[in-house]
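Following: one structure in structure tokens, then a few remarks.
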Amino acid sequence: MLNTPKTIGEPGSLARLGAILQSLPQVAVMLSGGMDSAFLLWACTHFLDKKHVKAVTFRSPTTPQHELARAVQTAELLQVEHIILNTPEMEDEKFTGNDLLRCYYCKRIRVTYMLHNMDELTATVLDGSHGDDLKEYRPGMKALDEFNIISPLLMAGLDRASIVDLCNSYHLPFTGYPTESCLATRIKTGQHLDADLLARLDELEEAIRLLGVSLVRARYNNGEIRLEVRPEEIPVIIDKRADIVKIAQTMGLKPIALDLNGYGEKVGDSREILL
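Numbering follows our numbering, in which position 228 of the sequence shown is assigned residue number 238; successive positions increment by one, without gaps.
Written out as structure tokens, the structure reads:
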């Protein structure tokens with residue numbers, strides 16, 4: 011395995027990360043709108059001359075618009091060249107079939123498209139995976155290995171907690187970036203991915219964020235919508251119930267329910283109330 015990690019979270023991780031990056035003459039960071047790839051991009055600018063650093067962001071119907079905006083903001087903040095590629099995964103039936111290997115297909119399609127459409131790309135491509143990703147089912151990481159994409163955070167032994175600590179130590183704004191995932195994860199596995207539906211779910215989530223919620227997932231299953239928010243923000247959804255129902259109805263998204271377990275608090279079957 012190319013990205014063999016050191017002991018996760020042990021002292022000296024930043025120094026090891028620096029040594030890894032300094033061994034690479036030019037790098038292109040796969041930049042999403044999340045904390046991990048933003049920190050990796052910062053580390054590249056910290057250890058390398060910025061003229062040798064690029065950021066590459068993928069845009070498609072699966073990309074939340076606010077995540078794309080945050081990627082643009084991050085690249086501007088760090089003053090690095092930023093390339094945005096419109097990727098074709100929605101044209102691939104294996105991907106839109108939405109089985110358990112969806113993330114693997116997507117990653118393969120995106121990386122293949124990047125390599126074929128950036129002839130001038132002589133840089134080493136870097137990914138923001140870290141130690142905690144080894145604890146989860148991440149089929150996309152198999153595709154990274156197949157293309158020899160390097161994950162320096164993982165190789166240096168960094169996990170999410172150590173990345174947060176380093177961001178705080180260097181007064182980086184990235185810890186405020188909420189956890190994100192592609193819009194395809196909103197559709198129950200096995201149900202076909204549709205660009206129009208993904209756009210409506212993205213629009214609904216953005217509208218709910220504007221009501222005062224920091225993180226929201228609008229899950230779709232056979233015509234029904236289930237909202238997940240942080241447990242402490244459930245009262246906001248209850249208070250704004252009428253507004254949310256009206257917004258969802260204008261988008262053709264109903265019925266709509268709220269998961270009372272809250273985001274990240276799965277215990278057995280989901281507990282819901284209809285909004």
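All C-beta atoms, glycine included, are put in the ideal place defined by N, C-alpha and C. A quick note: this is a predicted structure, and the numbers were derived from the prediction, not measured.
Cβ atoms of residue j and residue i: under 8 Å apart, would you say?
i    : j    : result
I247 : V239 : yes
L51  : V90  : yes
H202 : G107 : yes
R227 : R196 : yes
R26  : Y187 : no
H62  : V37  : yes
M288 : V174 : Only positions 11 to 285 of the chain appear in this structure, which leaves residue 288 out of reach.
Within a Cβ cutoff of 7 Å, which residues of the same chain sit near residue i, ignoring the five residues on either side of it in sequence?
i    : result
V277 : Confidence at V277 is low in this model, with a pLDDT of 48, below 50, so its placement is unreliable and the value that follows should be read with caution. Same-chain partners within the cutoff: N271.
D109 : T199, G200
L88  : L51, W52, T55
E86  : none
Please report how far the alpha carbon of residue i lies from the alpha carbon of residue j, in whole angstroms.
i    : j    : result
A171 : L125 : 32 Å
P74  : L168 : 26 Å
L111 : A194 : 12 Å
S23  : A166 : 5 Å
T185 : E216 : 20 Å
L176 : D102 : 39 Å
A153 : T122 : 10 Å
P241 : G274 : 9 Å
T132 : N158 : 14 Å
E156 : R251 : 46 Å
T199 : Y114 : 14 Å
G138 : L225 : 21 Å
F49  : I93  : 18 Å
D59  : V66  : 17 Å
L144 : D46  : 14 Å
T84  : I244 : 30 Å
K104 : S179 : 43 Å
E146 : H140 : 11 Å
G150 : C192 : 12 Å
P35  : R219 : 41 Å
I18  : D249 : Below a pLDDT of 50, predicted positions are generally treated as unreliable, and I18, at 48, falls in that range; no measurement from the model is reported.
Whose C-beta lies closer than 6 Å to the C-beta of residue i among residues of the same chain, with five residues either side of it excluded?
i    : result
G222 : V246
F4   : Because the chain in this structure spans residues 11 to 285, residue 4 falls outside the shown range and cannot be described.
N231 : K198
D142 : D169, R170
Once the 5 residues before and after residue i are set aside, which same chain residues still bring their CB inside 8 Å of it?
i    : result
E190 : S42, G43, G44, P74, E77
D253 : L221
N214 : Looking at the sequence provided, one finds Leu at residue 214 rather than Asn. Here the set comprises A228, I235, I257, A258, M261, L263.
A205 : P71, M100
N127 : L95
Strictly under 8 Å for the Cβ-Cβ distance: is residue i near chain B by that measure?
i   : result
L78 : Among the chains in the structure shown there is no chain B, since it carries only a single protein chain.
Starting from residue i and walking both ways along the alpha helix (DSSP H), at which residues does that stretch end?
i    : result
F57  : 45 to 57
Y187 : From DSSP, Y187 is part of no alpha helix (DSSP H); its letter is neither H nor E.
N127 : 112 to 127
I235 : Not the alpha helix (DSSP H): I235 falls in the beta strand (DSSP E), residues 234 to 239.
V226 : Note, V226: premise wrong, no alpha helix (DSSP H); beta strand (DSSP E) at 226 to 231.
Note the first and the last residue of the continuous beta strand (DSSP E) segment covering residue i.
i    : result
F68  : 63 to 69
L95  : 91 to 96
I266 : 266 to 269
>> Contact between the region 116 to 132 and the region 206 to 223 is defined here as three or more beta-carbon pairs at a separation below 8 Å; is this criterion met?
In response: no
> Counting pairs of Cβ atoms below 8 Å between the region 258 to 274 and the region 228 to 243, do you hit three or more?
Replying inline: yes
>> Under 8 Å: do the region 26 to 40 and the region 148 to 163 share three or more Cβ pairs, one atom per stretch?
In response: yes
> Using 8 Å as the Cβ pair cut-off and three pairs as the minimum, do the region 61 to 81 and the region 93 to 103 touch?
Replying inline: yes
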